[in-house]
Structures are given as structure tokens and as C-alpha cells.
Amino acid sequence: MSSSDGSVKAEARRIVETLPDDATWDDLMYRFYVHQRIKAGLADADAGRVLDSAEVRRRFGLEP
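Numbers -16 to 47, taken from the working numbering, label the letters of the sequence shown in order.
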């Protein structure tokens, strides 16, 4: 999810460039938020901080 040089500035530029010309500040902030959450999720997965769906269902009392 990062740009070729990996800098925050370069990633921000890439995100801004993908926005339509009529984008709002809210659109921009939403894209930044989603980008950051995806990166955090991928880092968690790489570090093994994941649960399979059966465990999530069990923890929430959703077992069939």
C-alpha cells in the first residue's frame, strides 16, 4: 500500500492525485483514514495478530 519510496508525503500525494477534481475535504480525509486503517490491518496480519472467523464468532457468542 505504500509508494515506491515509502514516504508519508509520497503516499499522501498519490492519494490526492486519485481524487476527482470535485472532491471535498471530507472525501480526502476519508481516503486518508481508510488508507491508514488498511495499512494497520496489513501490519497486524503480518505480525500474526489475527483471529479466524470461527474464533470471532465464538467470542461474540455467534456460534451456530
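Cβ atoms here follow ideal geometry from the backbone N, Cα and C, with glycine treated the same way.
These figures come from a predicted structure and were not determined experimentally.
Counting along the chain, where does the alpha helix (DSSP H) carrying Asp27 start and finish?
Sequence index remark: in the sequence shown, residue 27 carries index 44 (1-based). Residues Trp8 to Asp29.
When the Cα atoms are used, what is the spatial distance from Val39 to Tyr16?
For the purposes of this step, residue 39 is identified with residue 56 of the sequence shown, where counting begins at 1. For the purposes of this step, residue 16 is identified with residue 33 of the sequence shown, where counting begins at 1. Taking the straight line joining both Cα atoms gives about 24 angstroms.
Would you mind reading off the limits of the alpha helix (DSSP H) that contains Val33?
Residue mapping note: residue 33 aligns to position 50 of the sequence shown, counting from 1. Segment: none, Val33 is in no alpha helix (DSSP H) and carries neither H nor E.
CA-CA distance, Asp35 and Ile21?
Taking the first residue of the sequence shown as 1, we reach residue 35 at position 52. Taking the first residue of the sequence shown as 1, we reach residue 21 at position 38. If I take the Cα positions, the gap works out to 18 angstroms.
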